[in-house]
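Input: a single structure, listed below in structure tokens.
Protein chains in written order, with this note's numbering: chain W, 909 to 1143; chain P, 29 to 328.
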């Protein structure tokens, strides 16, 4: 699964990996805003962004080709609009959508490939995102794989009993979703009881405390500076 | 329905972010104040459940299959405020981990699916007191509202779509909404059998604002679609009413037309306007958060 690969990459120890997550989130937002406001796309600048993001990937000691491939997840949707733009006689608009979508996805992949999920949530918290929402995200992420595996097992079991998934009756599939819900509900209560037994009072303790060092500021300037300069050149 | 980055124009993603971020802050505070801390694991696991339930294929006829989107179901199970937070958590996770939807477009996706979609779904559920018809309409309205808003935002952003494509899209949305309605009803009925009383029927005191919010959402989504299909309509109406001058003077600001008018260079001007938009969102969220905290302290 893609998120398992991102999690593996995020455990690196490069300069980018060690930076304060808030610095990385802010840098990613600046890059995304710069890309989003490229209208029309200045192709040399788009290429420069691509080279810059590739250099960032290399400096973070990440597999360049695989990171770029991970960003192509957005391309099928973008291609539909590119074809529509081509049919409407504005191919440059379609190409611009592809370029912007791919560069934006590459930025998000880079952010996630250099920041572990708990660190990302800590960074969002330091940027004053609602703690309640972040806690829900934390639990969601923790039990995502467990329930997805359970749903997959139920789907396979149903397929082996009924031939193929497609011939499952509607109600039977709804029943399967109901059973999955029942299991998830029971699991949620068991989790809470276990956490309450360990002293959970609504706040999840942090094992790593981040401090904003001069190196984090240098990282932010090193990313934002060239990106904003390129955006300025694009006109 | 997850809009990636690069599709929406700056006015659209800034406007939806400005609406969505403070709303999520307010809903998070509201959900937090209403629930015990034991609801946090429950909400997280419910989010994971919706993710997992999207893996279960439902036969939709002609050899095709569909899957649950889940906004309406969550609203019926947890109430609209909590459901909006769980949907926001799902959308953020999808954008960050699966590149399903963009980060700048997260505001648009949250507004469409987690706010408007959930509340529009909760309206028929609340009005029809949790009946099977109410459950069906909850799924239908939720998906239809989210899809109409997404389509409108793309059209307003200037994404090329021939009229035939818009018609096909609307027909496809209607079919998907019917399937979502049937799925919501079937899954909720199965849940009630397994776990009686799990559906969160509205309390009398909370009903009025839910109805108003959901009705406003429905009206807004259809209004957006009309405005986006005929963008000159609003302008001609303003002209006929003699409002053009007043409207333009009202809208003229240092960041009007999503450009920083005090900066000569157009590129830098747009970038500064975009950054300013993000700062405005941040300040709005902090203000909402502090105002809420102050209200709570006074009430305590």
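Ideal Cβ placement from N, Cα and C applies to all residues, glycine included.
In the pairwise beta carbon analysis, the stretch 1031-1045 of chain W is classified as touching the stretch 49-57 of chain P: at least three pairs are separated by under 8 Å. Judged by DSSP in its simplified three-state form, residue 1139 of chain W adopts helix. Taking all protein chains shown into account, residue 184 of chain P has 16 or more neighbouring C-beta atoms within 10 Å of its C-beta and is therefore buried. Contact annotation: residue 182 of chain P and residue 140 of chain P have beta-carbon atoms that are not nearer than 7 Å. Around the beta carbon of residue 1125 of chain W, fewer than 16 other beta carbons sit within 10 angstroms, so the residue counts as exposed.
Contact between residue 1048 of chain W and residue 129 of chain P is ruled out by a C-beta separation of about 15 Å, above the 8 Å threshold.
Rounded to whole angstroms, residue 1129 of chain W and residue 105 of chain P show a C-alpha spacing of 46 Å. Unbroken alpha helix (DSSP H) stretches of 4 residues or longer found wholly inside the stretch 952-998 of chain W: 972-979 and 983-995, given in chain order.
For chain P, the residues of the stretch 940-973 of chain W that bring a beta carbon within less than 8 Å of one of its beta carbons are 940, 941, 942, 943, 944, 945 and 947, in chain order. Judged by pairs of C-beta atoms under 8 Å, the stretch 1090-1107 of chain W does not touch the stretch 921-940 of chain W, as fewer than three such pairs exist.
Here residue 145 of chain P is buried, its C-beta having at least 16 other C-beta atoms within 10 Å. Using a Cβ-Cβ cut-off of 8 Å, residue 222 of chain P is close to 1086, 1087, 1089 and 1090 of chain W, given in chain order. For residue 81 of chain P, the C-beta contacts it makes with chain W under 8 Å involve 1059, 1085, 1088 and 1089, in order along the chain. Residue environment analysis places residue 61 of chain P among the exposed positions, since fewer than 16 neighbouring C-beta atoms fall within 10 angstroms of its C-beta. Segment contact: the stretch 959-977 of chain W against the stretch 987-994 of chain W, fewer than three CB-CB distances shorter than 8 Å; contact not assigned. Of all alpha-carbon atoms in W:1082, W:1033 and W:991, the one lying nearest the alpha-carbon of residue 1002 of chain W is that of W:991.
A direct Cα-to-Cα measurement between residue 1042 of chain W and residue 1029 of chain W gives close to 6 Å. Sequence-ordered contacts of the stretch 118-136 of chain P with chain W read 118, 120, 121, 123, 124, 125, 126, 127, 128, 130, 131 and 132 [C-beta pairs closer than 8 Å]. Taking 9 Å as the Cβ-Cβ cut-off, the stretch 1000-1011 of chain W approaches chain P at 1001, 1002, 1004, 1005, 1006, 1007, 1008, 1009, 1010 and 1011, given in chain order. Contact note: residue 200 of chain P does not reach chain W at a C-beta cutoff of 9 Å; the least C-beta distance is about 13 Å. Around the CB of residue 966 of chain W, fewer than 16 other CB atoms lie within 10 Å, so the residue is classed as exposed. Residues of the stretch 1090-1108 of chain W that bring their beta carbon within less than 8 Å of a beta carbon in chain P comprise 1090, 1092, 1093, 1095, 1096, 1097, 1099, 1100, 1103, 1104 and 1108, in sequence order. Of all residues in the stretch 1013-1024 of chain W, only 1013, 1015, 1016, 1017, 1019 and 1020 come within less than 9 Å of chain P when Cβ atoms are compared, listed by chain position.
Interface with chain P (7 Å Cβ-Cβ cutoff): residue 996 of chain W is included. Look at residue 1047 of chain W: its C-beta is under 7 Å from a C-beta on chain P. With a threshold of 7 Å between beta carbons, residue 34 of chain P makes contact with chain W.
Taken atom to atom, the span from the alpha-carbon of residue 209 of chain P to that of residue 970 of chain W is near 44 Å. Per the coordinates, the alpha-carbon of residue 169 of chain P lies some 6 Å from the alpha-carbon of residue 148 of chain P. For the options P:116, P:219 and P:100, the alpha carbon positioned closest to that of residue 50 of chain P is the one of P:116. For residue 1017 of chain W, the closest alpha carbon among the candidates P:153, P:195 and P:123 is that of P:123.
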